[in-house]
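Residue numbers for the sequence shown follow the working numbering, beginning at 15 and rising by one. The beta carbon of each residue, even a glycine, is placed where N, CA and C say it ideally should be.
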Amino acid sequence: MTTPTPVLTALAIYEAGKKAYEAYQGIVAFVSLGREDPTPEEEILAKLDVLHQDFVALQGRFDEVLEAVKQAVRVEQQAYVLGLQRDLDGLRGRARTAMDELNSWVAGGRKDPLLRSSADDNSRIAANTLLEGDSFFYRPDPNSTESVFDHRLAYIAYVYALTVRFGVIAGLNPQYREDRLAREELTRHAARLDWVFQHADQAIEPYTGGSVDPAGSYFVGYQCVDRITGFDTGHDDTGWRPGGQAEYDDARAYYADQLRADMRVRVGLAKLMAFHDTVAYWAKDPRTPGWSPWMPVEVPDTMAAVTAASDRTGRTVLVWRDPKKVQLRATSYDSTATAPAWKPSVAISAENAVREDPKPRALSSGPGLVTVLWQGKDGSIYATRTDSRQPTGWLAAPVKVSGDSTDISYAEAAATPGSVVVVWRDNGTLTLMAAFQDATGAWGAPQPATPAGAVSLGSDLTVVCPSPGVVMAIWTMNEHTVHSVTYDSHATTPAWSAPAQIAEFPGSDFPATIHAAGTGDGKADVVWQGKFGAMWNIHYDGGWSAPVEITPQHLTIWGQPYTIVPAVTGDRRLNLFWQGRDSRVQTIYRDPQQPAWTAPLRLGQPWWSYAELAAVPMTAGSVSLYRVDFGSEIGEVQKLLTSFYDTATPSASARLADARALMTRAQTLWNLPGPLREEAIARAADGLAIAREVVAQDPGYRATLASWLVVPVGTYLLAAGHYDEAVARLQEALGLYDALIQEQPDSDDLAYKKAVTLVNLAQALWAKPDHTQGAQRAVEATDLLRKLTAKKPSYRAGLASWLVFPAGTYLLGTRRYDEAIAREQEALGLYDTLLQEQPGSDELAYKKAWTLVNLAQALWGKPDHAQSAQRAVQATDLLRKLAAKDPKYRPGLGNWLLWPTIPYLRQSGQRDQALTRAQEAVDIFTALNGTDPATYGPKLDQAKKLLADIQAG
15 MTTPTPVLTA LAIYEAGKKA YEAYQGIVAF VSLGREDPTP EEEILAKLDV
65 LHQDFVALQG RFDEVLEAVK QAVRVEQQAY VLGLQRDLDG LRGRARTAMD
115 ELNSWVAGGR KDPLLRSSAD DNSRIAANTL LEGDSFFYRP DPNSTESVFD
165 HRLAYIAYVY ALTVRFGVIA GLNPQYREDR LAREELTRHA ARLDWVFQHA
215 DQAIEPYTGG SVDPAGSYFV GYQCVDRITG FDTGHDDTGW RPGGQAEYDD
265 ARAYYADQLR ADMRVRVGLA KLMAFHDTVA YWAKDPRTPG WSPWMPVEVP
315 DTMAAVTAAS DRTGRTVLVW RDPKKVQLRA TSYDSTATAP AWKPSVAISA
365 ENAVREDPKP RALSSGPGLV TVLWQGKDGS IYATRTDSRQ PTGWLAAPVK
415 VSGDSTDISY AEAAATPGSV VVVWRDNGTL TLMAAFQDAT GAWGAPQPAT
465 PAGAVSLGSD LTVVCPSPGV VMAIWTMNEH TVHSVTYDSH ATTPAWSAPA
515 QIAEFPGSDF PATIHAAGTG DGKADVVWQG KFGAMWNIHY DGGWSAPVEI
565 TPQHLTIWGQ PYTIVPAVTG DRRLNLFWQG RDSRVQTIYR DPQQPAWTAP
615 LRLGQPWWSY AELAAVPMTA GSVSLYRVDF GSEIGEVQKL LTSFYDTATP
665 SASARLADAR ALMTRAQTLW NLPGPLREEA IARAADGLAI AREVVAQDPG
715 YRATLASWLV VPVGTYLLAA GHYDEAVARL QEALGLYDAL IQEQPDSDDL
765 AYKKAVTLVN LAQALWAKPD HTQGAQRAVE ATDLLRKLTA KKPSYRAGLA
815 SWLVFPAGTY LLGTRRYDEA IAREQEALGL YDTLLQEQPG SDELAYKKAW
865 TLVNLAQALW GKPDHAQSAQ RAVQATDLLR KLAAKDPKYR PGLGNWLLWP
915 TIPYLRQSGQ RDQALTRAQE AVDIFTALNG TDPATYGPKL DQAKKLLADI
965 QAG
């Protein structure tokens, strides 16, 4: 049978969004790991190439979309559609060109800056053209002169171009989230995706209608049409149901939400929503809290009934029922590990040993202890727990905790520090039974929590610990009332209290299931989904409150298996999660000391099928959610997905790692050929901004901040000619070192780093130009290093170098000749001493020659021309010996002969020596000109002219 055109076009849009979304998520996953092997560019290019190949494979479907859009307009309007497609193909081609250019740049060793720049430009133009051009998202209306919204053609091109653009941004700067301009660019695209979604969603028209019979029944008819694709669900109805106007209104609201949700999935808008959420999240400032998009978890097992627990900060344990093996399996993830990754799953029960219902429960009663409870095929309650002594990390065999009774149901559990309790209903005696696990993991014998007959077969059950050592078992009776018993382990003789009614359900709005959570401070909450789609709550704070609606009506889905998942974070925030009528995960929360719940927040896109959620508190304020997407008739495969609340409060060490990555990136860019130094400076500035945040949080990192202010930030700014900024950064570093030295006055390391800062500050001031201050800072640097050298002779070479430059050079430049001479002579003495210790060191010999040539210039300025000429001759004589051993010194020898040696000899009346050295310079540059005439040809001309002048004079 031929697939209808609306279905084909919907599938094409769905697949385009899916492939772009997967590529975008793949790039995010790689960048967020901070890996350097393979390099970011290579890995991201691989992801983009997969995207391109996927789009090539989908071209046949995209052609069907084009044909469908053509058929939606009159014949004379089809030329416009074809022109639109040509323009969109051009933008996709431009994005593809950006990929090719980036690929060529990487393959060529990252040596051609034009390729890199062109890739950046082409990717930006392709994406931004679709960002700004509304006309791409409209087509002619065949029935009027107006245009109508139709995103299908433009959306295919846009998600392709945007994913490529993101890949280029992340490839060129993996720490792009610290770059304000990159965040703003991606935020604009997130807003554009929302604009596309809002307009496309307006074209989905669910219809509900029906009738109410005064005799006490109603029926609802429903249908949904997407005006863009033409997708039509066809008409259906509920048939007559018992109920009145309230039930009728609620049913209409339910079907309107459900029809829209299903259509969003069918026509690809759910993928668009997921794509938007991903772009928006990774475009936000990392200092801004918020929920992450739903992301895949790389766990290959087949899963059902997922539950989760955390026994310490950063560690999550996932447990699920494998429906194929009918057993429980577990895995774990530790975000604090050096290389975080999900561990291979292990079996924690035998095969064919686990009932499908109730859902297993994973709980933690303390660090290193996670307990899992479930009902076996024989009806008994079993438990296992983590055990580091076992190869699997779990007990070798589960423990039966329910005794001999097997006619039981509704096993519920709760944990408090040092203890786990499980409660179940004995169906034979209509008694609630309980068993406790102690801090060692050992289980006690089952004990009755209620008298016989206290519960009914229709009772629902939940268990909660409002404070450490206190347990409440809560159950419903006859769909009308709520009852509880309490166990307080702190009592002189701990025992379960007598059953007491704690609430009555309002009207006929009784729940299918109840759920409870304790905040650990003596308070607890029971919540349920009412029949008309509202969430209800009773609160315990020494006594129980009356039931109250805490959400609007027509929001939740009543009945099994639609459940509420509570999670209490370390700051005692109580979060509730559920899948709503719009097939999206929804949440509300209440903070401690706050009586009001927040308005419902929807997390992510709608899902095709229902799946129970697992929620695990991670850190103060943070929760991780897990759900299994079981796929749909569109062809998705089962996936485990996660979303988490990002509190945007990473540890100082984590943020410092981000800053260090930016500094490393800056260094990489600085060392690349081409005009990338400004980009390197920008990345270093991003890292510096993070380091300042870290220091504000933890002053213990001040030394790191000071170090980065000097290198690379200060040195890069100086080399790029940003002298004022360089001076400001170096002065900031100097202030930090002064403060640190006051706290640690005996630290030679801090004193040396201060001296390094002074030397760099001297150079920045000199270039500004502020020659007086530049010379002064250089002198201060050498004075400080001289003191260190007196204690540690290993600093002598550094002191000698700084005495020559910048101290000697800057003193000479400010005509402080005597001070310059004194420092050059001090350096000369240091090099003589070092050469006595290392007589074979060419490097030290060269630096002595360099010192002599600088001393010659200082003496000339004094003026002491005779001594000056002598020192210049000594410098060239020493360098001549080095050049005889290593030709790399020959250009330097030639240069020093041209200046200052020959001019000083001539002006001091030593013509013959000047003539000899002029001929030597001609010989040196004649030989060098033979290998590099562009560099040494002008030098040869200068030497020949100087020789001729001496001969003529």
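CB-CB length for residue i against residue j, believed under 8 Å
i, j, result
"Val708", "Ala673", "7 Å"
"Asp271", "Asp643", "So it is not a contact: roughly 19 Å between Cβ atoms."
"Leu912", "Leu960", "7 Å"
"Leu984", "Val340", "The chain is shown only over 15 to 967; residue 984 falls outside these bounds and no answer can be derived."
"Thr828", "Thr786", "6 Å"
"Trp510", "Lys545", "At roughly 31 Å, the Cβ-Cβ gap does not stay under 8 Å, so Trp510 and Lys545 are not in contact."
Cβ neighbour criterion (16 or more within 10 Å) applied to residue i
i, result
"Asp134", "buried"
"Ala353", "exposed"
"Thr464", "buried"
"Tyr715", "buried"
"Ser363", "buried"
"Gln871", "buried"
"Glu840", "buried"
"Glu146", "exposed"
"His66", "buried"
"Trp254", "exposed"
"Pro154", "buried"
Cα-Cα separation between residue i and residue j, rounded to whole angstroms
i, j, result
"Tyr236", "Ser225", "12 Å"
"Gly532", "Ser559", "15 Å"
"Leu799", "Asp762", "10 Å"
"Gly472", "Asn492", "7 Å"
"Ala696", "Ala886", "44 Å"
"His203", "Ala34", "14 Å"
"Ser922", "Trp874", "10 Å"
"Leu907", "Leu893", "6 Å"
"Trp622", "Val279", "7 Å"
"Phe163", "Ala214", "8 Å"
"Ala171", "Leu286", "13 Å"
"Met277", "Arg166", "15 Å"
"Gly550", "Ile564", "Rather than Gly, the amino acid found at residue 550 in this sequence is Trp. If I take the Cα positions, the gap works out to 6 Å."
"Ala966", "Leu929", "11 Å"
"Gly701", "Pro127", "23 Å"
"Pro482", "Arg179", "52 Å"
"Asp752", "Glu794", "13 Å"
"Leu144", "Arg88", "25 Å"
"Thr406", "Arg399", "11 Å"
"Asp539", "Ala581", "11 Å"
"Ala71", "Asn366", "42 Å"
"Trp489", "Thr321", "22 Å"
"Trp722", "Lys767", "11 Å"
"Asp208", "Tyr501", "51 Å"
"Asp63", "Gly122", "18 Å"
"Lys782", "Ile755", "28 Å"
"Gln888", "Thr915", "9 Å"
Beta-ladder partner(s) of residue i, from DSSP
i, result
"Tyr640", "Ala628, Thr656"
"Ala322", "Leu332"
"Ala448", "Val437, Gln461"
"Ile528", "Trp542"
"Phe163", "Tyr152"
"Trp305", "Tyr659"
"Pro482", "In the DSSP output, where bridge partners are listed per residue, Pro482 has none listed."
"Thr398", "Val386"
"Thr430", "Ser433"
Three-state class that DSSP yields for residue i in the structure shown
i, result
"Gly951", "helix"
"Tyr152", "strand"
"Glu851", "helix"
"Pro358", "coil"
"Val87", "coil"
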